[in-house]
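See structure below.
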Amino acid sequence: MFFSKSSKKIDRSERILPEHVGIIMDGNGRWAKKRGMPRQAGHRVGAENFRKITRYCNSIGIKYLTVYAFSTENWKRPKEEVDALMSLFYDYLVEALRDFREENIRTRFIGDVTAFAPELQRLIKETEELSADKTGMCLNIAMNYGGRDELVRAVQMIAKDVTDGKLSAEDVTAELISSQLYTAGQPDPDLIIRPSGEYRTSNFLLWQSAYSEYVFMDDILWPDFTTENLEEALDEYAKRNRRFGGV
Ligand code: FPP
0 MFFSKSSKKI DRSERILPEH VGIIMDGNGR WAKKRGMPRQ AGHRVGAENF
50 RKITRYCNSI GIKYLTVYAF STENWKRPKE EVDALMSLFY DYLVEALRDF
100 REENIRTRFI GDVTAFAPEL QRLIKETEEL SADKTGMCLN IAMNYGGRDE
150 LVRAVQMIAK DVTDGKLSAE DVTAELISSQ LYTAGQPDPD LIIRPSGEYR
200 TSNFLLWQSA YSEYVFMDDI LWPDFTTENL EEALDEYAKR NRRFGGV
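Okay, structure coming up:
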C-alpha cells in the first residue's frame with residue numbers, strides 16, 4: 000500500500016469515514032492462475048467477495064459505494080471469459096440483489112447497459128426499480144462503464160442542446176457536465192481503492208475522481224480482499240490531508 004507520511008494512530012471510533020468509496024475489484028484472473036484454475040473461477044470468488052464487502056460497507060455507514068465490475072474495454076477479453084462474466088452477473092444479480100434489498104441497499108447501474116442481453120437488461124431495470132425507495136447505502140455497479148465513454152456521452156447531450164438552441168456555449172459549466180454523468184446528483188468519490196498491485200485508474204470515474212484519495216494495495220488480490228483490508232484503507236484515508244487545491 001502507498002502509506003501516507005503520517006504514522007499517527009487512528010482511533011476507529013472517531014475516524015472520519017469517506018461518504019463515497021470506489022473500488023476497482025482487480026486481480027481475479029491472477030488469483031485463479033496462481034491456483035491453476037480458469038480465470039472464470041477467480042471472477043466467481045470475486046463476486047462472492049463483492050457481496051461481502053458491499054454488506055460490510057453498508058453496515059459501517061458508507062453512504063455510496065461504486066464498484067467496477069465490467070469496463071467498456073473488457074469486451075476485448077476472450078469470448079469464453081466474457082460469457083462467463085455475463086452469466087455470473089445474471090446469477091449474482093438475481094440472488095445478491097434480493098439480499099441487498101432486504102438490507103436496505105439501493106442499487107444503481109452506471110455504464111451503457113443497452114449493450115447487454117435483454118434478460119440482463121430486464122434484471123438491471125427491475126433491480127433499480129425495486130430498490131429505488133431504499134434509504135441505506137447507494138450501491139453503483141459500473142457495468143460496461145468507461146470514464147471516457149461517459150464524458151463523450153455527456154458532451155454529445157450538451158452539444159445537442161446547444162445545436163437545438165436550448166443552451167449557449169457559455170452555459171457549459173463543470174456542474175452542467177456533472178449533471179449529465181451517470182452519477183448525477185451523487186457526491187464525488189472521496190476514496191478509491193485498488194487492490195492487486197496495479198497503480199492506474201483504468202478509466203474509472205475519470206471526471207468524478209479529480210480530488211479522490213487513492214489507496215493502492217499491492218499485496219492483495221480482490222478475491223482475498225477482507226473487511227480488515229477495507230478498514231486499513233479507511234484508516235489510511237482518515238490520515239490524508241485533503242486540500243482540494245487550496246492550502
Ligand atoms: C478485474 O480482474 C475484474 C474484472 C474485470 C471483473 C470484476 C467482476 C467481479 C468481481 C464480479 C462482480 C460481480 C457482480 C455481480 C457485480 P482481472 O480479471 O483483470 O484480474 P487480473 O488483472 O488478475 O487478470
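In numbering that gives the first Met the number 0, the protein residues as written are 0 to 246. All C-beta atoms, glycine included, are put in the ideal place defined by N, C-alpha and C. Small disclaimer: the values here were computed from a predicted structure and weren't measured.
The Cβ neighbour count for ALA232, taken over all protein chains shown within 10 Å, is at least 16; the residue is labelled buried. Distances taken from the Cβ of ILE192 to the heavy atoms of ligand 1 include none shorter than 8 Å. According to DSSP, PHE69 shares a beta bridge with MET142. For the 9 Å CB-CB criterion, THR225 and MET136 do not form a contact. A residue is called buried when at least 16 other Cβ atoms come within 10 angstroms of its Cβ; TYR210 does not meet this threshold and is exposed. Short note on ARG152: C-beta not closer than 8 Å to any heavy atom of ligand 1. Here the distance from the Cβ of ARG29 to the nearest heavy atom of ligand 1 is below 8 Å.
Sixteen is the threshold: when 16 or more other Cβ atoms of the shown chains lie within 10 Å of the Cβ of ALA31, as they do, the residue is buried.
Your pair ILE61 and ALA237 does not check out as a contact, with CB atoms roughly 13 Å apart and the cut at 8 Å. Taking the Cα of ASN139 as reference, the smallest distance to any Cα among ILE109, GLU230, ARG199, ASP132 is reached at ILE109. Looking at the backbone, the Cα of GLY41 and that of PRO194 are separated by about 14 Å. ILE9 and ASP234 do touch by the CB rule: their CB atoms are close to 4 Å apart, below 8 Å.
In this structure, LEU119 sits away from LEU150, with a CB-CB distance that is not shorter than 9 Å. The DSSP-derived three-state label of MET156 is helix.
Look at the segment 5-58 and you find these whole runs of alpha helix (DSSP H), each 4 residues long or longer: 27-33. Apart from sequence neighbours up to five positions away, the residues of its chain that approach GLY45 with a beta-carbon distance below 7 Å are MET24, ASN27, TRP221, PRO222, ordered along the chain.
Nearest to ARG242 by alpha-carbon distance, out of LEU180, THR134, ASP189, GLU230, is ASP189.
Here VAL246 is not bridged, per DSSP, to any residue. C-alpha of MET36 to C-alpha of PHE69: approximately 21 Å in a straight line.
Counting along the chain, the unbroken beta strand (DSSP E) around LEU190 starts and ends at 190-194.
Between the beta-carbon of ARG147 and that of LEU205 there is about 7 Å, and that keeps the pair under the 8 Å contact cut.
Within the same chain, no residue comes within 8 Å of ARG121 by CB-CB distance, once the 5 residues on both sides are set aside.
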